[in-house]
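Let me begin by presenting the structure, written as structure tokens, before commenting on it.
In my numbering, the protein residues as written are 8 to 130.
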């Protein structure tokens, strides 16, 4: 990753290794979330799946409690070396609240959270 890529990022990323289920049409694919932000996820892919940029997919990130998850829809923005970048296009209110709380707890700085929320509104 180049310095210019890091500079362009407007959302802080939270590193994680949580399981994710990606849905495309009626098919499910498994992987791991490498990082998550208010704007999307970076996933590590498992199995025989070959996504392409521009695909619309669903992603369900399982949190510590198996009953609790973050469920989002998004567009694949890049695929490289078994990793998939997902840009969030929609999410239900409960998932958005859980994601906001996850970011809030991991940033540990209210000013950073406020900056992320401001950027999200501007998108």
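Cβ coordinates follow ideal geometry from the N, Cα and C atoms, glycine included.
{"Check": "Cβ neighbours of residue 65 in the same chain (closer than 6 angstroms, five flanking residues each side left out)", "Outcome": "30, 80"}
{"Check": "Limits of the unbroken alpha helix (DSSP H) element including residue 131", "Outcome": "Because the chain spans 8 through 130 in this model, residue 131 falls outside it and cannot be assessed."}
{"Check": "Bridge partners - residue 31, DSSP secondary structure assignment", "Outcome": "34"}
{"Check": "Option nearest residue 54 by Cα separation, candidates 111, 28, 97, 82", "Outcome": "28"}
{"Check": "Outcome for residue 76 when other beta-carbon atoms lying within 10 angstroms are tallied against a minimum of 16", "Outcome": "buried"}
{"Check": "Among 67, 41, 33, nearest to residue 101 - alpha-carbon criterion", "Outcome": "67"}
{"Check": "Rounded distance between the beta-carbons of residue 82 and residue 94, thought under 8 angstroms", "Outcome": "5 angstroms"}
{"Check": "For residue 42, three-class secondary structure by DSSP", "Outcome": "strand"}
{"Check": "CA-to-CA distance, residue 60 to residue 111, given in whole angstroms", "Outcome": "30 angstroms"}
{"Check": "DSSP state of residue 71 mapped onto helix, strand, coil", "Outcome": "coil"}
{"Check": "Buried or exposed by the 16-neighbour rule on C-beta atoms within 10 Å, applied to residue 43", "Outcome": "buried"}
{"Check": "CA-to-CA distance, residue 35 to residue 58, given in whole angstroms", "Outcome": "12 angstroms"}
{"Check": "Contact belief for residue 105 with residue 50 at Cβ below 8 angstroms, rounded distance in angstroms", "Outcome": "Residue 105 to residue 50, Cβ: 18 angstroms. No contact."}
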